[in-house]
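Number 237 in the working numbering belongs to position 237 of the sequence shown; there are no gaps in the numbering.
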Amino acid sequence: MERRRRSDRHAAGHPALRAPARVVTLRTGSELLGLEVDGGVATLTLNRPAARNALNMEVKAALARVLAELPRHPEVRALVLTGSGPAFSAGGDVKEFDPSRTGDQVLARHRWLLQSVYLPLVRLGLPTVAAVNGLAFGAGVSLMLSCDIAIASEDATFSLAFSRMGLVPDCGALWLLPRAVGPRRARELLLTARRFGAAEALELGLVERVVPAGELTGAAAELGAALARGPRGALAMTKRLLEQTGPVGYAEALEIEAQAVAVAMASAEHAEALDAFLGKRDADFAGLPSVEPVVPAGS
């Protein structure tokens with residue numbers, strides 16, 4: 001009985017808990033990165049079709065700006081990332097590769113890229129979907145892997161093409177790829193740099209779904225909308241927990257889990273979900289305060 005009373009205090013219509021609706025004012029600051037927000041779903045579109053959406057500094061800076069701003073917009077509850085034209089992303093822009101740079105200069109630029117784009121995308125506190133509309137090569141595959149879920153067009157092609165440029169895998173590929181396809185298959189894909197299609201990407205576990213080319217936009221929007229209806233805080237915590245528990249032993253993972261469950265059980269999102277279940281209605285998490293991801297001491 002006490003549990004139901006607690007749920008009533010956090011009921012969906014309680015004005016003290018619901019944040020007022022806000023007008024979304026996100027901007028990318030560049031025509032090379034499109035942004036649309038609809039129904040809580042932000043869609044970012046790489047917009048250099050003539051360059052196969054290669055990631056030059058302007059695109060990277062625009063991505064960094066949006067990823068830094070998104071956590072301050074609780075009205076945005078899911079993110080879809082895609083490309084314009086026939087490509088998702090060809091990876092780094094070779095026209096900006098400069099062999100005259102010193103090792104320290106390269107290191108500084110690459111650290112900025114990792115800390116400003118790839119790490120924030122992986123740790124973004126909302127679910128992310130990569131809609132792979134065409135070729136994805138090199139760092140473009142890393143960008144896709146940095147999203148939580150990937151849907152590919154049936155005509156998409158992939159290559160971990162780093163070695164073709166005499167480079168090593170970057171932008172998180174060394175960490176993300178083995179966790180997606182397994183260490184042996186990751187080794188083969190990285191060493192051969194071969195091209196493969198969407199059907200094999202699905203078989204490998206590199207993407208979660210393949211759809212006809214004409215259905216990709218709708219499928220990604222539908223998935224984004226479904227994710228946006230979920231509990232933003234609980235989903236953010238789940239993402240963080242998957243990262244935290246991956247490298248630790250079972251007993252330590254259980255302790256991290258226990259701490260997270262204690263936080264989640266006390267949240268307004270859980271109270272709303274329970275109230276909706278008991279009332280036989282759909283839960284409405286929009287505007288509710290989100291719990292912060294648990295970060296146990298020493299992690």
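For glycine and all other residues, C-beta sits at the position ideal for the given N, C-alpha and C. Here the structure is a predicted model, which means the values were calculated and not measured.
Handout entry: Under the three-state DSSP convention, the category Ala-156 falls into
Key = As a first step, residue 156 must be located in the sequence shown, where it is residue number 156. Here Ala-156 sits in coil by DSSP.
Practice task
Locate the alpha helix (DSSP H) running through Phe-196, then write down its first and last residues.
Solution key: Counting from 1 along the sequence shown, the entry for residue 196 is found at position 196. Premise fails: Phe-196 lies in the beta strand (DSSP E), 195 to 197, not in any alpha helix (DSSP H).
Exercise for the section: Could you check which residue in Leu-145, Ala-236, Leu-216 has the C-alpha nearest to that of Ala-186? Expected result: By one-based count along the sequence shown, residue 186 stands at place 186. Among Leu-145, Ala-236, Leu-216, the Cα nearest to that of Ala-186 is on Leu-145.
Practice task
Return helix, strand or coil for Val-37, following the three-state DSSP convention.
Solution key: As a first step, residue 37 is located in the sequence shown; it is residue number 37 there, counting from the start. In the structure shown, Val-37 sits in a strand (DSSP, three-state: E or B).
Handout entry: Cβ-Cβ separation, Gly-83 to Val-122 (assumed contact under 8 angstroms), whole Å
Key = In the sequence shown, counting from the first residue as 1, residue 122 sits at position 122. In the sequence shown, counting from the first residue as 1, residue 83 sits at position 83. Wrong, their Cβ atoms sit about 19 angstroms apart, outside the cutoff.
Practice task
Look at the Cβ atom of Ala-78, then the Cβ atom of Leu-126, and state whether they are nearer than 7 angstroms.
Solution key: Within the sequence shown, numbered from 1, the residue matching residue 78 stands at position 78. Within the sequence shown, numbered from 1, the residue matching residue 126 stands at position 126. Yes, they are a contact pair.
Practice task
Label Lys-60 either buried or exposed according to how many other C-beta atoms from any shown protein chain fall within 10 Å of its C-beta, with 16 as the threshold for buried.
Solution key: Along the sequence shown, read from residue 1 onward, the residue named residue 60 stands at position 60. It is buried - the Cβ of Lys-60 has at least 16 other Cβ atoms within 10 Å.
Problem - Whether Glu-300 touches Pro-212 by CB criterion (7 angstroms) - result: For the chain, the structure presents residues 1 to 299; residue 300 sits outside this window and is missing.
Exercise for the section: Starting from the Cα of Ala-130, find the closest Cα among Gly-224, Pro-247, Leu-288 and give me that residue. Expected result: To locate residue 130, count along the sequence shown from 1; it is residue 130. Residue Gly-224 is the option with its Cα nearest to Ala-130.
Practice task
Go through the stretch 120 to 152 residue by residue and report every complete run of the alpha helix (DSSP H) that reaches 4 residues or more, in order.
Solution key: 139 to 145
Handout entry: Minimum length 4: unbroken alpha helix (DSSP H) runs contained in the stretch 202 to 228
Key = 216 to 228
Practice task
Have a look at Ala-283, Val-141, Phe-285, Leu-202 and flag the residue whose alpha-carbon is nearest the alpha-carbon of Leu-190.
Solution key: Within the sequence shown, numbered from 1, the residue matching residue 190 stands at position 190. Looking at the Cα atoms, Val-141 is the closest of the given residues.
Handout entry: With 16 other Cβ atoms within 10 Å as the buried cut-off, status of Ala-21
Key = Counted from its first residue, the sequence shown places residue 21 at position 21. Here the model assigns Ala-21 a pLDDT of 48, short of 50, so the residue's position is not dependable and the matter cannot be decided.
Handout entry: Meets three-Cβ-pair contact criterion under 8 angstroms: the stretch 36 to 52 and the stretch 88 to 108
Key = yes
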